[in-house]
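**Q** Protein chains in written order, with my numbering: chain A, 72 to 752; chain B, 495 to 1131.
Can you read through this structure? Questions will come right after.
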């Protein structure tokens, strides 16, 4: 079976872990200054055309593609080509990096100091570094790190500098540029800045794509960008953005380079710096604008312990390998390659599929800490209404059970086996003491003193709503840890929920329920489009392997010990199901005429707060705007809600009440086991 | 001799004729008339205008029994081959070539360095054909009987049949060296003139015999392989004895020539009258005029003289439906699709080309070789592109990549004087140290100028000026000439390689200018990667050159070769690599073939190359012209 190959490479995870090397160890023992000033001679791409950053700009401005677009725009707008040319130069000036070794050395020095105070260790898989070094010499390389923190790209450059590897140029959002000096510093450390949205601006797109392509083709430096587009506030991987991936695939597809190596990099933080910040953002406290002074205010975080970071450089994925048998490259034969063309549907599907594969590769190599499992258990316990928390022994017992289950599912779990489980649990809890506390031998989330976020306010003065929100900050912080493990469980979770909801146990019917759920939640989790059957097979395989399910010809049977597993898995999906139901109910009951997409989140939040306060809903995490937006996106995708375009009603949501209602019912337990019902969606 | 009486008789004539031509060679000028040694007089000859050059046999290269002068399991003349002498130095035997009898000191190191080959590891080819390994002929008795009555010579001797069962693809030669013989023609016939061909085709149709035309036998597209599924008797129609120039028309500058004449004879005979065709494919020693027409051949000097489709004024082809030809010999006509284009490139699937009227030119007054060194391949391509843009390409201009430059260098014969070697050293020093060219990146363009002296010198200056602007340095005539020599001996070198576990092949494509660099890089890289993936133990040689320039693109030629020690099925690996390389070419906007043709080797890609409708057109022509698939070599479609 083809799906088998998906699991095979996950098993030797012990080996994976042993290969990690702590790069801070050496920093603690030798001079940071000498380290920052040491001789840096990275191995370079064999086809490199050496050039300076300034020469790159000239190459971009003289490229056929850009000249073509400049001419086109000049004709369309009836403007002199020189003016457009000047505009292009300005765009490029705003965008371009000015990579300088001296800045990198400065960062190497300061970051060494900072990292040593913040983190216990920064562990990097050495084998991955060796593979990367090889890859850099052979083909142009694209680095694709996961994005959970601001730290990510400085950390990446820091690691590459440490290992004497070619420093990357990094696509960064324009918002960074607002930070006066820091913006320029980042530019000199290899960041280039792109506007968040430039839909339809042909010239901008041309300058931008040509700039990236020229750097890539000439092997100037590895190109680094975040597939997820932005930092994930929930610690779940975000559905990939395709723009930049399209651009870096293009030189290969058009034969301008032999291959491009795409290297997924998984950065896992034991404790995320922005933990509470993200939670508040998800609850509607707007994200603070990036500013240098803001960064200084954040310096109090320097006094805290953020545990360790694991950085796993994955197996380089060959663009050629991905395209093999999927893309007919000769499609570019009949037109000059510099004339921009809308990609065919086949090509879009290919890039989309590749993006999902790469994000999954990131997910699979994320190192999970024991705390991730504890957070899952504590959240389930909390939602079950046990206000007094969980006895420590129970938690330990369940954690060990969950450890074994997640290992069977192929989790890349960093659980020190030579230490007694109780010690592991208590040390994890103590690192996260801002979120949990132990009192009288019971572990609970630090909900009632939730004033942590606003310590100035006396408890009594808080409205129930404020109290709820401050509890939600703690819950959402915990959720962000639980979410780190979701990718391990998601396929079995969907199957478990399907088994749970389906009235019959015929495999085909369970598959139908499974595909309904998978389809419903495909904006929420990383589920590769079109891989329905594979995902189902994988879920079945894992649940059979762990002894939870048995297949009796075409029947699916839950085993004796499988009930516990299935119950746990089903509870993982529960908050999402209820959250989506809430959104559906909101749309049916409260959505007024002329509700716009912009006003959707505040409105639905109010609706949910109401239900949480009246006790109609137990999952505080439903307050997450991420979940709400994903739900809306799913409904839009399924056609239950429509977004009007153009005119005064731009962005207005039009709700198909019948359809939304029926979706809500279906989520509420009447999962379709008949194919036609699912097909109707 | 197992041959029939007619064959027997002719072979005696053959020997006599050969002896005579050798004597004639000594005397420098061929005897005026030696009709006495004509093997078989063509009945139709009387009706031809009586031209002196029309006499058969004098100084012609290719005898009926090819195996008398040519290798049965390798390239070219039996007396010419590379070998390592007792001192371990490479040497080229024979007297026919500039390189003949010379020591090539650099070749051994190059072979060891490039392929990891070693003189200790040698594989011997089967020295003589084991005739018992050849399956006995399936003869169509009625056909043979009627053919005999026409007096056209034929043979079903094993050696004759095996010789015509293959071209020069690697797998074909490799099998012969191992003594493996597959399906071979059941019989060989040697028509002497157009009318003989008409008779043969009529008989073949009458008795449902499969005909496979055979010209020079230099195909590299599996075009000559007998389809294994063919159950009818297969007759190889060898045109080599139809080798006369029937007339020369000096007023219109055309010559009417029988299709079996090989390139070197055609040029030599025309030269005697002060003319040339200027058509010089790399295989011109052995390939025939009819073969050129049937495969859309291209010559090295096409920039002056044109490719075969530009040279042909009139073609006569015998098909199962009858003879196809135009009613006039005009430079151009507007009469619907040009019927010549059904014939050109038909690869023996529609009929046999028997006579061709071809353009001729007065012999050039002056010829000059030249070469230019570039610091890298990119700049070299830029130069060729500029030359093409200005439409000032010399008769030939080729750009070799760095690997091929080194290869050419390894073929430098031993220098006789210390002075020359000192000069070579000085040149090398100048280019690499003084000019800063990286010896592992530089590449060289070879040039050939032709015309009247003054114009050649003027032309030369123009081209060197362009080259200088693009970073090139003139590198002398000698380098240029050696570059061209390489193309004539490369096929001999492959035989040497095969003696030492090295197999290789060349293939070509045509590509638009903007993709030349990309296709070169990607195809070479693909070859290296495929070899690695397929378990080849040594790094392969993967090299290319740009051999022709056009207004809208160029022709690119690839060589690849590898040491196959440690592989259980090297030929299969080789085929997989070549297949992958062709896929890569097509993916990068290259054509299926520039001049080698499709044959059976590349026909799987025909449909995507010419579209469904295109295939349908070709098929319907085939169905009309040859409904019973008499010309059953199954090429192309």
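Beta carbons: idealized from backbone N, C-alpha and C, even for Gly.
Does the stretch 1020–1036 of chain B come close enough to the stretch 1087–1101 of chain B to have 3 or more Cβ pairs within less than 8 angstroms?
**A** They do not touch, by the three-pair rule.
**Q** On a CA-only basis, which of A:435, A:611, A:159 is nearest residue 633 of chain A? Give me that one, please.
**A** Nearest option by C-alpha distance: A:611.
**Q** Between the alpha carbons of residue 584 of chain A and residue 654 of chain A, how many angstroms are there, rounded?
**A** Residue 584 of chain A and residue 654 of chain A: Cα-Cα distance of roughly 21 angstroms.
**Q** Whose CA, out of B:760, B:769, B:767, lies closest to the CA of residue 786 of chain B?
**A** Among B:760, B:769, B:767, the Cα nearest to that of residue 786 of chain B belongs to B:760.
**Q** Would you kindly work out how many angstroms separate the C-alpha atoms of residue 780 of chain B and residue 240 of chain A, rounded to a whole number?
**A** Distance between the alpha carbons of residue 780 of chain B and residue 240 of chain A is about 57 angstroms.
**Q** In terms of residue numbering, what span does the beta strand (DSSP E) encompassing residue 1064 of chain B cover?
**A** Counting along the chain, residue 1064 of chain B falls outside any beta strand (DSSP E), though it belongs to the alpha helix (DSSP H) covering 1064–1081.
**Q** Is it buried or exposed for residue 97 of chain A, if we count other Cβ within 10 angstroms and need 16 for buried?
**A** Answer is exposed; the Cβ neighbour count stays below 16.
**Q** State yes or no: is the C-beta of residue 613 of chain B within less than 8 angstroms of the C-beta of residue 907 of chain B?
**A** Their beta carbons are not under 8 angstroms apart, which means residue 613 of chain B does not touch residue 907 of chain B by this criterion.
**Q** Can you name, in chain order, every residue of its own chain whose Cβ lies under 7 angstroms from the Cβ of residue 957 of chain B, other than the five neighbours on each side?
**A** Here the set comprises 881, 886, 888, 941.
**Q** I need the boundaries of the beta strand (DSSP E) containing residue 743 of chain B, first residue and last residue.
**A** Unbroken beta strand (DSSP E) run through residue 743 of chain B: 739–743.
**Q** Select from B:1068, B:909, B:868 the residue whose C-alpha is nearest the C-alpha of residue 930 of chain B.
**A** When each option's Cα is compared against that of residue 930 of chain B, the closest is B:868.
**Q** Quick one: what's got a C-beta closer than 7 angstroms to residue 892 of chain B's C-beta in the same chain, skipping five residues either side?
**A** So the qualifying residues of the chain are 939, 940, 977, 1039, 1040, 1041.
**Q** Name, in chain order, the residues that DSSP records as bridge partners for residue 1124 of chain B.
**A** According to DSSP, residue 1124 of chain B bridges with nothing at all.
**Q** Just by C-beta distance, which residues in the stretch 989–1011 of chain B are closer than 8 angstroms to chain A?
**A** For the stretch 989–1011 of chain B, which is checked against every Cβ of chain A, the residues closer than 8 angstroms are 1008, 1009.
**Q** Using the beta-carbon count (16 or more within 10 Å), is residue 856 of chain B buried or exposed?
**A** Burial call: exposed.
**Q** Compare the C-beta of residue 1016 of chain B with all C-beta atoms of chain A and state if any pair is closer than 8 angstroms.
**A** Chain A, which has a Cβ nearer than 8 angstroms to the Cβ of residue 1016 of chain B, makes this yes.
**Q** So, for residue 666 of chain B: in the same chain, excluding its five sequence neighbours on each side, which residues have a beta-carbon less than 6 angstroms away from its beta-carbon?
**A** Closer than 6 angstroms at the Cβ level, and outside the excluded window around residue 666 of chain B, lie 660.
**Q** Could you say which of A:595, A:589, A:617 lies nearest to residue 605 of chain A if we only look at CA atoms?
**A** Measuring from the Cα of residue 605 of chain A, the nearest candidate turns out to be A:589.
**Q** Quick one: is residue 326 of chain A near chain B, going by C-beta distance under 8 angstroms?
**A** Closer than 8 angstroms: yes.
**Q** Using 8 angstroms as the threshold, is the stretch 1042–1051 of chain B in touch with the stretch 982–999 of chain B, meaning 3 or more CB pairs across them?
**A** No contact exists between the stretch 1042–1051 of chain B and the stretch 982–999 of chain B.
**Q** Mind listing which residues of the stretch 1073–1099 of chain B have their C-beta closer than 8 angstroms to chain A's C-betas, in chain order?
**A** Of all residues in the stretch 1073–1099 of chain B, 1080, 1081, 1082, 1083 have a Cβ within less than 8 angstroms of some Cβ in chain A.
**Q** Please compile the residues from chain A whose C-beta is within a distance smaller than 9 angstroms of the C-beta of residue 876 of chain B.
**A** Simply none; closest approach about 14 angstroms.
**Q** Can you list, in chain order, the residues of its chain whose CB lies under 7 angstroms from that of residue 1113 of chain B, leaving out five sequence neighbours each side?
**A** Closer than 7 angstroms at the Cβ level, and outside the excluded window around residue 1113 of chain B, lie 1131.
**Q** Here's a check: name, in chain order, each residue in its chain whose Cβ is nearer than 7 angstroms to the Cβ of residue 669 of chain A, leaving out the five neighbours to either side.
**A** Counting only Cβ-Cβ distances below 7 angstroms, and skipping sequence neighbours, we find 722.
**Q** Based on the DSSP output, what are the partners of residue 384 of chain A in its beta bridges?
**A** Residue 384 of chain A is bridged to A:336.
**Q** Along chain B, in chain order, which residues have C-beta atoms closer than 7 angstroms to that of residue 329 of chain A?
**A** Per Cβ cutoff of 7 angstroms: 1015, 1016, 1019.
**Q** In this structure, how does DSSP classify residue 433 of chain A when only helix, strand and coil are distinguished?
**A** Of the three classes helix, strand and coil, the one that applies to residue 433 of chain A here is helix, per DSSP.
**Q** In terms of DSSP beta bridges, what is residue 968 of chain B paired with?
**A** Bridge partners of residue 968 of chain B: B:866.
**Q** Are the beta-carbon atoms belonging to residue 609 of chain B and residue 1055 of chain B less than 8 angstroms from one another?
**A** Yes. Within cutoff.
**Q** Using 7 angstroms as the cut-off, classify the Cβ of residue 693 of chain B as near or not near the heavy atoms of the ligand PLP, replying yes or no.
**A** The ligand PLP is not part of this structure, which contains no ligands at all.
**Q** Going by DSSP, which residues form a beta bridge with residue 941 of chain B?
**A** Residue 941 of chain B pairs with B:864, B:891.
**Q** Drop a sphere of 10 angstroms on the beta-carbon of residue 646 of chain B, count the other beta-carbons inside from all chains shown, and report buried for 16 or more, exposed for fewer.
**A** Buried.
**Q** Starting from the beta carbon of residue 289 of chain A, find every residue of chain B whose beta carbon is closer than 9 angstroms, and list them in chain order.
**A** Those do not exist, as residue 289 of chain A stays about 12 angstroms from chain B at its closest Cβ, beyond 9 angstroms.
**Q** Have a look at residue 417 of chain A and residue 399 of chain A and give me their C-alpha separation to the nearest angstrom.
**A** Those two C-alpha atoms are separated by around 9 angstroms.
**Q** What residues of chain B sit near residue 176 of chain A, judged by a beta carbon separation below 9 angstroms?
**A** Neighbours of residue 176 of chain A on chain B: none; closest Cβ ~31 angstroms, over 9 angstroms.
**Q** Taking 7 angstroms as the limit between beta carbons, can you name the residues of its chain near residue 269 of chain A, skipping five residues before and five after?
**A** Around residue 269 of chain A: 275, 276.
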